[in-house]
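>
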Amino acid sequence: MLSIQNDLILILVGVLVGFINTLAGGGSSVLYPILIFMGMPIHTAIGTSRVGFLAQGIFSVAGFKSKGIFLFPFNLYVAVAAMLGGLIGAWLSIHTPAKDLTRILAVIMIMIAILILIQSKIKKQLNQSVRIKGKWLLISFIIYFFIGIYGGFIQAGMGFMIIIAGLLVNRFNLTQANSIKALIVLILTIPTLYMFAVKGLVNWEAGLFIALGTAAGSWLTSRWSVNVNEKYIRRIIAAIVIILAIKLWFYQ
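Quick look at the structure:
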């Protein structure tokens, strides 16, 4: 699959994913179909994408920790719960026929497009303390375990689920929810990436180019001041995801 031209495309795709993740989230819902349309089998596309998730997780966790936003030990508990679920999800993904997995991904992409549009309307309840102890720890463990199953299976859109759970269940602010997401992504990605790798479902060279592009796209976008209203950007991204989902559904 790889050539100098494709390497450049992978870097640019990574930049696009970094741009989308920074502005709206759901970048992997664009990454997967593009890799598939470039000729990569869906299982390999899912496995290869985790190289970028791993790099993103490492830098994100380091960044939050350096700012003192770590929520230890709660973050470790739920990250382990998600990792356990992720092992189940990855096994299911690896053993799901490619055609069925492609159709599932197409449906999930439509759902992600909807989440991109409504995410900004989901707000944390104000003036209420966080819920991370007692029964809420157990509830959180169960919720993040099931989110982990989904993350291990396909991972696209998992960040939305973690943030929504953090805001509505644990009553975190957005920064705290994102710090939880960063550690879960990191802890879940390590073993699930290994599971795909031992099955030969990871293209390491492609993954590294995507990771480089994603890092660059995230860094540039975070420093780019836009005059366009964010809701229009979300609508454009959602439209792109829906178009790719429809094309993927009929892709052979």
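Numbering (this note's numbering), first residue to last: -2 to 249. Glycine included, C-beta positions come from ideal geometry on N, C-alpha and C.
(1) Helix, strand or coil for G154 per DSSP?
(2) Might you give, ordered along the chain, the residues of its own chain that have their beta carbon closer than 8 Å to the beta carbon of I6, omitting 5 neighbours on each side?
(3) Measure the alpha-carbon distance for S222 versus Y74 and round it to whole angstroms.
(4) Starting from Y191 and walking both ways along the alpha helix (DSSP H), at which residues does that stretch end?
(5) Return the CA-CA distance between L135 and N72, expressed in angstroms with no decimal places.
(6) Does L254 pass the burial test, meaning 16 or more other C-beta atoms within 10 Å, or should it be called exposed?
(7) What does a CB cutoff of less than 6 Å around V12 pick up in its chain, not counting 5 residues either side in sequence?
(8) Using a threshold of 9 Å, state whether the C-beta atoms of G204 and R100 are closer than that.
(9) DSSP three-state call for P30: helix, strand or coil?
(10) Is the beta carbon of W216 less than 9 Å from the beta carbon of G23?
(11) Decide if the region 51 to 65 is in contact with the region 159 to 166; the criterion is three or more beta carbon pairs, one per stretch, under 8 Å apart.
(12) Suppose you measure from the CA of A110 to the CA of I17; what does that come to, to the nearest Å?
(13) What does the Cβ neighbour count give for V10, buried or exposed, with the cut at 16 atoms within 10 Å?
(14) How many angstroms separate the CA atom of N3 from the CA atom of I234?
(15) Report all residues from its chain with a CB closer than 6 Å to the CB of M108; omit the five preceding and five following residues, and keep chain order.
(16) Once DSSP output is grouped into helix, strand and coil, what is the label at K62?
(17) Just to confirm my understanding: we take A76, look at its own chain, exclude 5 residues before and 5 after, and list those with CB closer than 6 Å. What are they?
(18) Note the first and the last residue of the continuous alpha helix (DSSP H) segment covering L84.
(19) Shortest alpha-carbon distance to F150 belongs to which of L32, I8, G44, L51?
(20) Quick check on F69: buried or exposed, where buried means 16 or more other Cβ atoms within 10 Å of its Cβ?
According to the data block:
(1) coil
(2) M35
(3) Here S222 scores only 47 on pLDDT, less than 50, and its place in the model should not be relied on; the value that follows carries that caveat. S222 and Y74: Cα-Cα distance of roughly 37 Å.
(4) 171 to 195
(5) 13 Å
(6) Coverage of the chain is limited to positions -2 through 249, which leaves residue 254 absent and any answer about it impossible.
(7) G210, A213, G214
(8) no
(9) helix
(10) no
(11) no
(12) 12 Å
(13) buried
(14) 23 Å
(15) none
(16) helix
(17) L180, I181, I184
(18) 71 to 91
(19) G44
(20) exposed
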